[in-house]
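The numbering of the sequence shown is numbering that gives the first Met the number 0, which starts it at 0 and goes up by one.
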Amino acid sequence: MSASPYTGGCQCGAVRFRAERLGRPSICHCRMCQKATGGFYGPYVTGHNVEWTRGAPKHFASSNLARRGFCAECGTPLTYEYEGGGVELCIGALDNPALAAPVIQVNPADKQPFTDGLAALPTRPDGTDPEMEDVKARVVSYQHPDHDTAEWPPQR
Ligand SMILES: [Zn+2]
Ligand SMILES: [Zn+2]
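Right under this line is the structure:
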C-alpha cells in the first residue's frame, strides 16, 4: 500500500490519509454538502481501504445515516461516511486532486443556479494586479505540502 499515489490530508497536516485505490469521483449538489464544505457543492471520491497515516478526523453526524469527517485542528473537511462503511474522500484534500476528475453530478435539485456559469466567468490572469502580486510575494504558507512528511509541523 505504501506505493499508493492516493494520499492526502488537511490544510494543517495534523490528519493524513492514504487510500489503496479510488472509486467514482463525483460532485454532490445537496444542501448538506454545500454546508459541510463551505463550497458550492461537495467534491467526493470513493476511497477504498482508507488508512489514517497521521492523526484521525473528528466527526459530525450530519444525519442518522451519515457523518462528516474533518480536522479538529484546522477544520478542513475530509470525508463523507455513510452507513455500511463507505468512505468518500474530499477531492480537494487529495495531494493530487487531478487523479479524481469528477465523472457525475448528483442531487441536482439543490444545485446553486450559478454553478453552471462558473467556467464562463472572466478570469484575471496571474501577474496583472500589482496589489495582489505584492501580497502574494509576502505570503509565507503554513499549509502542509502535498506529500507525506516525516515530521510536522516544522520548527518556525
Ligand atoms: Zn488540520
Ligand atoms: Zn451531498
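Ideal Cβ placement from N, Cα and C applies to all residues, glycine included.
> So, G22 versus F16, is the Cβ gap smaller than 9 Å?
Replying inline: Taking 9 Å as the cut-off, the Cβ atoms of G22 and F16 do not count as close.
> Can you tell which of K135, R53, R123 and S25 has the C-alpha that lies nearest to the C-alpha of T45?
Replying inline: Ranking K135, R53, R123 and S25 by Cα distance to T45 puts S25 first.
> For the candidate residues G12, G74 and Y5, whose alpha-carbon lies nearest to that of H143?
Replying inline: Of all alpha-carbon atoms in G12, G74 and Y5, the one lying nearest the alpha-carbon of H143 is that of G12.
> Roughly how many whole angstroms lie between the Cα atoms of F113 and A92?
Replying inline: Cα to Cα, F113 sits roughly 24 Å from A92.
>> What does DSSP give as the partner residue(s) for A60 in the beta ladder?
In response: Within the DSSP bridge table, the entry for A60 names R66 as partners.
> If you compare alpha carbons, which of A2, C29 and Q10 is closest to N106?
Replying inline: Of the candidates A2, C29 and Q10, the residue whose Cα lies closest to the Cα of N106 is C29.
>> Does P76 pass the burial test, meaning 16 or more other C-beta atoms within 10 Å, or should it be called exposed?
In response: Classification for P76: buried.
> To which residues does DSSP link Y43 through a beta bridge?
Replying inline: Paired residues: S25 and C89.
> When the Cβ atoms of the stretch 115–134 are set against those of the stretch 47–59, are three or more pairs found closer than 8 Å?
Replying inline: Contact check between the stretch 115–134 and the stretch 47–59: fewer than three CB pairs, one atom from each, fall below 8 Å, which does not count as touching.
>> What does the alpha-carbon distance come out to for the pair C9 and P153?
In response: The straight-line gap from Cα to Cα measures roughly 16 Å.
> The alpha helix (DSSP H) with T36 in it runs from where to where?
Replying inline: DSSP places T36 in the uninterrupted alpha helix (DSSP H) bounded by R30 to T36.
> Any idea if E87 is buried or exposed, counting beta-carbon neighbours within 10 angstroms, 16 or more meaning buried?
Replying inline: Buried is the call here.
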